[in-house]
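Using the working numbering, read the sequence shown as starting at 470 and increasing by one per residue.
We put the beta carbon where it would ideally sit given N, CA and C, even for glycine.
Just so it is clear, the structure is predicted and the values come from calculations on it, not from any experiment.
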Amino acid sequence: MTSNGSKTQQPSLKVIPLGGLHEIGKNTCVFEFGDDLILVDAGLAFPSDGMHGVNVVMPDTSFLRENQRRIRGMIVTHGHEDHIGGISHHLKHFNIPIIYGPRLALSLLEGKMAEAGVADRTTLQTVSPREVVKLGQHFRIEFIRNTHSMADSYSLAITTPVGTVIFTGDFKFDHTPVDGEHFDMARLAHHGEQGVLCLFSDSTNSEVPGLCPPERSVFPCLDRRIAEAEGRVIITTFASSIHRVAMVLELALKNGRKVSLLGRSMLNVIAKARELGYMRCPDDLFVPIKQIRDVPDRETLLLMTGSQGEPLAALSRISRGEHPQVQVKSTDTIIFSASPIPGNTISVVNTIDRLMMLGAKVVYGKGEGIHVSGHGFQEDQKMMLALTRPKFFVPVHGEHRMLVQHARTANSMGVPENNTLIIDNGDVVELTADSIRKGDPVKAGIELLDNSRTGIVDARVLKERQQLAEDGVITLLAAVSTDGRMVAPPRVNLRGVVTTAEPRKMSMWAEREINWVLENRWKQLSRDTGGKAPEVDWVGVQREIEVGLQRRLRRELQVEPLIICLVQPAPAGTPAYKSKAMDEKDDRPAPRNQRGGRDGGRGGRDRGGEGGDRGGNDNRQRRRRSTAIAG
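In structure tokens form, the structure reads like this:
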């Protein structure tokens, strides 16, 4: 039964997703029993349009860093980026003694680790179908072959002291797999007969009725498009979709076309897949991109990255006319053999539009038969439930509506509603032999990596970048003496700020804000040292000026640029600057005597208007940059 009440007294299995819930991507899950922790997958996600300068999104791994001495190892289900893309980064921050996984996935991971300089941080151990490994004192993991859009993919049967849990990973039931490796349904049925405590199942396509079409159903549609093309054929798909890529290479050979590969990941994945025997094609099928111009268009096929509209991917650069070797021709047929990941639709549509405007024939969309999903539909999910017959059910890997629909499907298959949990990242599922409940959550969130993948972009920096992109930046240089006088006119510099205000007006507003701070806040921001130069909180002075000027600009111009104030201290006794703004009456009342003044609490209400918190949490976070500059 489901419980949210008092904590269970008997030992429990804890399952803690850190990513992959209420979202698509960065799948990361922790299993905990006693003093043992194991990880299942550690993926990444791609940034949304508003995440300026962010390259990838990772789950917050504070929980793992704090408990790394208890980590016994990791299990990898398959080699897609949303399942292995975060591992190299995590190895820089916490220890993972050993990683078990499929041969192809670990081969790809090995290259990523070498590139990141962490090749010696862990041990990689390849597994085979039905192999069982032991991690710690409490976990036995069986690898069950499944079918997915990537070769060498597994579901997991995890045996613990309280029972066996099935963790499906990404799956669909493909009865005619391209590589001949069928889903091991017999092992699922075996565990179902023995008794499955809980099923954690892929929810990506839970809203789609029916059975997911097999990968081979794409073959005739792609074949027809390639055969009918009068000029070059350009195909974009996920590099890691090994079966799809192998199919494209087979069709190129069948239709007498030479293949050029564009995109680093496409080159790397195909090289690894050929090396390990997952793709078999002659060497002379391939032509380096620099030599492809020597091949007639009718005999050319370009296979590349960019199906998700990634700005730096090959196809995106081609659509913008920025690729050094490939320019779009009116005779080109460009095929998108992939569907947009949620969040990427706008980028993909923009890429398609640009390609069409350049004259190419672009083939895309569900109705063309050129793409099928690697994730099961509702009937696939029902099949999984029927084979495993779980006592408890937790939908994973999907956005909230997908999880809700998958839970309904489980209920329709006989899993009681109170035996089903819908959870979020950071929730703790506690399982005993006869109960399931939510425990106290752990910290969960995101870590943003910049384009170098070496630096974490925190929330403050991201907000500042968003503010810069939307409203620009104003830098303000103020000269103030240590006895609280403005000794020179302020210098105001605007970048990216759209305003009808004249520079003179902007300078006058800056002067008024500086004067207001010196008249009304100087006593709180400076301390008399008994004859010596007073101690001044220059960071506080800067913050007060920034907050006041931003408030004024929001009121006067309806803009909210990032404001960076730099205060240049001058010795006491320096002659004061006669500010023209002093001639204008400022009818704002001085602040009440309260902690924080204009930049904290509710004191900002004295400045008038809604949102008068002149330094409330949001504003203070946006402007902490001044602290670093002043320091």
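Report yes if the CB atom of residue i is closer than 8 Å to the CB atom of residue j, and no otherwise.
| i | j | result |
| --- | --- | --- |
| Asn-888 | Lys-860 | yes |
| His-866 | Asp-671 | yes |
| Leu-784 | Val-702 | no |
| Met-716 | Val-647 | yes |
| Ile-627 | Ile-610 | yes |
| Gly-548 | Ala-514 | no |
| Thr-774 | Thr-705 | yes |
| Val-956 | Pro-1030 | no |
| Ala-511 | Ile-556 | yes |
| Leu-754 | Lys-727 | yes |
| Met-871 | Thr-546 | no |
| Ile-567 | Thr-591 | yes |
| Val-795 | Ala-829 | no |
| Val-631 | Leu-900 | yes |
| Lys-912 | Phe-532 | yes |
| Ile-839 | Arg-694 | yes |
| Leu-730 | Leu-736 | yes |
| Arg-749 | Arg-789 | no |
| Phe-636 | Leu-625 | yes |
| Ala-947 | Ile-1033 | no |
| Pro-486 | Ile-892 | yes |
| Phe-707 | Gly-845 | no |
Going by DSSP, name the residue or residues bridged to residue i.
| i | result |
| --- | --- |
| Met-527 | Glu-916 |
| Asp-505 | Phe-502 |
| Lys-830 | Thr-802 |
| Arg-996 | Glu-1004 |
| Phe-532 | Its beta-bridge partners do not exist; DSSP assigns none. |
| Ser-904 | Thr-901 |
| Phe-846 | Paired residues: none, contrary to the question. |
| Met-825 | In DSSP, Met-825 forms no bridge with anything. |
| Ile-1032 | Ile-943 |
Return helix, strand or coil for residue i, following the three-state DSSP convention.
| i | result |
| --- | --- |
| Pro-480 | coil |
| Met-619 | coil |
| Lys-798 | coil |
| Leu-680 | coil |
| Arg-1094 | Here Arg-1094 scores only 35 on pLDDT, less than 50, and its place in the model should not be relied on; the value that follows carries that caveat. Three-state DSSP puts Arg-1094 in a helix. |
| Met-582 | helix |
| Arg-964 | strand |
| Ala-947 | strand |
| Pro-885 | coil |
| Ile-892 | coil |
| Ile-1014 | helix |
| Ile-810 | coil |
| Thr-705 | strand |
| Gly-488 | strand |
| Arg-1074 | Caution applies to Arg-1074, whose pLDDT of 33 falls short of 50 and renders its modelled position unreliable; the value that the coordinates give is listed next. Correct three-state label for Arg-1074: helix. |
| Leu-718 | helix |
| Thr-1043 | coil |
| Lys-512 | Here residue 512 turns out to be Gly, not Lys, going by the sequence shown. Of the three classes helix, strand and coil, the one that applies to Gly-512 here is coil, per DSSP. |
| Gln-1037 | strand |
| Asp-688 | The displayed chain sequence assigns Phe, not Asp, to residue 688. DSSP places Phe-688 in helix when its eight states are reduced to three. |
| Ala-855 | helix |
| Ala-957 | strand |
| Lys-495 | coil |
| Gly-867 | strand |
Should residue i be labelled buried (16 or more other beta-carbon atoms within 10 Å of its own) or exposed?
| i | result |
| --- | --- |
| His-552 | buried |
| Asn-962 | exposed |
| Glu-939 | exposed |
| Pro-811 | exposed |
| Lys-1047 | exposed |
| Asn-813 | buried |
| Ala-902 | exposed |
| Gly-1078 | The pLDDT assigned to Gly-1078 is 38, lower than 50, so where the model puts this residue is not dependable, and the model offers no usable value. |
| Lys-495 | buried |
| Leu-781 | exposed |
| Met-826 | exposed |
| His-869 | exposed |
| Asp-997 | exposed |
| Asn-550 | Correcting the residue type first, residue 550 is Glu in the shown sequence and not Asn. Buried, since its Cβ has 16 or more Cβ neighbours within 10 Å. |
When you measure from the CB of residue i to every non-hydrogen atom of the ligand ATP, does any distance come out below 7 Å?
| i | result |
| --- | --- |
| Asp-940 | For the structure depicted, the ligand ATP is absent and the ligand set is empty, with no information on it obtainable. |
Checklist line | 4 or more residues per run - each alpha helix (DSSP H) lying fully within the segment 725-791 | finding: 733-745 and 783-788
Check: Which full runs of the alpha helix (DSSP H) of 4+ residues lie inside the segment 534-572, going along the chain?
Finding: 550-553 and 556-560
Check: Mind pulling the beta strand (DSSP E) runs of 3 or more residues that sit fully within the segment 589-677?
Finding: 592-595, 601-604, 608-615, 622-629, 632-636 and 665-671
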